[in-house]
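Notes follow once the structure below has been shown.
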Ligand SMILES: C[S@@+](CC[C@H](N)C(=O)[O-])C[C@H]1O[C@@H](n2cnc3c(N)ncnc32)[C@H](O)[C@@H]1O
């Protein structure tokens, strides 16, 4: 390990040269990445090629790949930091955090998905605190306290809330899932944001949960929300854009919107939608919205 003085800065800043990976500076306030890795992540779009999903992960209709979450956690935290996910699903964020030696807590409403997450986490035998919690994020602060997570200011939240009513929508993909006997609904709970039929009410209820996250986040901590605009009854609902705007207009709890990173899903098969009739897109990208508590 070769330490050297960074010559561009007048103050003494130690660096460490990791060869191919690039040079890490001990002046790096945010993460454990080298300058080369930092720049690579700063691109505004990415294509991610995750490994194939395992059978118990297919049970969840909208799981995101751990390898993708790992890239975000690596950028927005350092080892030992605390990560939060208020919409846990089958625990991708917890597994990614554990793999990267971060601590993490996550909340899931559905017993079925909570159990899958718990089994997956037990298998890993992480040394850090990796805590899956069963309950509703509507009561996030109380829920964390009652699970012994007190006085912790989270460094980073990464999550993917339900995409409004999209699971129930009668699309071709949903028909394929339902023909295979797989769920097309997260749960029957009225706390489940995916069961909110009114679009504006969804936006407000979602924003309220992120008010809770705001309270639990340290100053200057980041939040990433993975979501999308959605097509319903012949028109586009700008869910990703309204999510971005709604969180920046909260009374005393406004997040600062810093950017979006676009996840290009280049591996999805094209489906014949609206052919010979009208415009319907094969929507093959998602938005990773980046906010900061400033
Ligand atoms: C898009 S999925 C998240 C998937 C997750 N990122 C993964 O990789 O498995 C949204 C999850 O939020 C859960 N959910 C919905 N409303 C909730 C609430 N009020 N509190 C906690 N979880 C909720 C759903 O049951 C669903 O599993």
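Residue numbers (this note's numbering): 48 to 341. Glycine included, every Cβ here is placed at the ideal spot set by N, Cα and C. Quick caveat, the model's predicted, so the values are computed rather than measured.
Any non-hydrogen atom of ligand 1 closer than 7 Å to residue i Cβ
{"i": "residue 137", "result": "yes"}
{"i": "residue 155", "result": "yes"}
{"i": "residue 286", "result": "no"}
{"i": "residue 257", "result": "no"}
{"i": "residue 133", "result": "yes"}
{"i": "residue 238", "result": "yes"}
{"i": "residue 280", "result": "no"}
{"i": "residue 130", "result": "no"}
{"i": "residue 82", "result": "no"}
{"i": "residue 299", "result": "no"}
{"i": "residue 184", "result": "yes"}
Cβ separation of residue i and residue j, assumed to be a contact under 8 Å, to the nearest whole Å
{"i": "residue 145", "j": "residue 175", "result": "6 Å"}
{"i": "residue 291", "j": "residue 304", "result": "5 Å"}
{"i": "residue 271", "j": "residue 336", "result": "7 Å"}
{"i": "residue 205", "j": "residue 116", "result": "6 Å"}
{"i": "residue 234", "j": "residue 121", "result": "Not really, about 31 Å apart at Cβ, beyond 8 Å."}
Where residue i falls: helix, strand or coil (DSSP)
{"i": "residue 126", "result": "coil"}
{"i": "residue 175", "result": "coil"}
{"i": "residue 223", "result": "helix"}
{"i": "residue 297", "result": "coil"}
{"i": "residue 57", "result": "The pLDDT assigned to residue 57 is 45, lower than 50, so where the model puts this residue is not dependable, and the model offers no usable value."}
{"i": "residue 246", "result": "helix"}
{"i": "residue 330", "result": "coil"}
{"i": "residue 255", "result": "helix"}
{"i": "residue 286", "result": "helix"}
{"i": "residue 86", "result": "helix"}
{"i": "residue 273", "result": "strand"}
{"i": "residue 215", "result": "coil"}
{"i": "residue 308", "result": "strand"}
{"i": "residue 322", "result": "coil"}
{"i": "residue 197", "result": "coil"}
{"i": "residue 267", "result": "strand"}
{"i": "residue 202", "result": "strand"}
{"i": "residue 150", "result": "strand"}
{"i": "residue 132", "result": "strand"}
Residue i CB to nearest heavy atom of ligand 3 below 7 Å
{"i": "residue 322", "result": "This structure does not include ligand 3; its bound ligands are ligand 1."}
Below-8 Å beta-carbon distance, residue i vs any chain C residue
{"i": "residue 86", "result": "Protein chain content of the structure displayed is limited to a single chain, and chain C is not contained in it."}
> Between the segment 301 to 319 and the segment 69 to 78, do three or more beta carbon pairs fall short of 8 Å?
Replying inline: Verdict: no, contact absent.
> Per the contact definition of three or more C-beta pairs closer than 8 Å, is the segment 125 to 138 in contact with the segment 259 to 266?
Replying inline: Touching, yes, given that three or more Cβ pairs across the two stretches are closer than 8 Å.
> Contact between the segment 111 to 127 and the segment 88 to 97: three or more CB pairs below 8 Å?
Replying inline: Remark: three or more beta-carbon pairs, one from each stretch, lie closer than 8 Å, so the segment 111 to 127 and the segment 88 to 97 are flagged as touching.
>> Within 8 Å, do at least three Cβ pairs link the segment 150 to 165 to the segment 183 to 195?
In response: Contact holds: three or more Cβ-Cβ distances are below 8 Å.
> Taking three-plus beta-carbon pairs below 8 Å as touching, is the segment 326 to 334 in contact with the segment 307 to 315?
Replying inline: Counting C-beta pairs with one atom in each stretch, the segment 326 to 334 and the segment 307 to 315 have three or more that are closer than 8 Å, which means they touch.
> Hey, is the segment 225 to 245 in contact with the segment 278 to 289, meaning 3+ C-beta pairs nearer than 8 Å?
Replying inline: Using a C-beta cut-off of 8 Å, the segment 225 to 245 makes no contact with the segment 278 to 289, since fewer than three inter-stretch Cβ pairs fall below that distance.
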